[in-house]
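Undergrad: In this note's numbering, the protein residues as written are 26 to 128.
(1) What three-state label does DSSP hand residue 26 in the structure shown?
(2) I need the DSSP call for residue 53, collapsed to helix, strand or coil.
(3) Assign residue 68 to one of three DSSP states: helix, strand, or coil.
(4) I'd like the list of long-range same chain contacts for residue 128, defined as Cβ closer than 6 Å, with 5 residues on each side in sequence excluded.
(5) I think residue 133 touches residue 55, with their Cβ atoms under 8 Å apart; what is that distance to the nearest whole Å?
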């Protein structure tokens, strides 16, 4: 707990709670989240995986699917939080990253 200049204690939000409130306002990619909160993409991915699983599923993390830039294939049935590495149709690695938001 930090203290403000007046000596009144100020409670700081955790990174995960700040990510949660950020994603309620607007959808974002993992890269957007990592830049906004000055954390690595791996750490942002860890927080999003945690928000999507178990007790935290109540927050309703919605994944807007990734798609292939080459052929337009959309990864609709994918439930993993991570970005796919290549397209199953054309094998291209030019993938538009998925976006995440809280319902």
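C-beta atoms are modelled at their ideal positions from N, C-alpha and C, and glycine is treated no differently.
TA: Short version:
(1) Reliability of the predicted coordinates at residue 26 is poor, the pLDDT of 49 falling under 50, and the value obtained from them is presented with this limitation in mind. Correct three-state label for residue 26: coil.
(2) strand
(3) helix
(4) 85, 87
(5) Nothing can be reported for residue 133: it is not among the residues displayed for the chain, which extend from 26 to 128.
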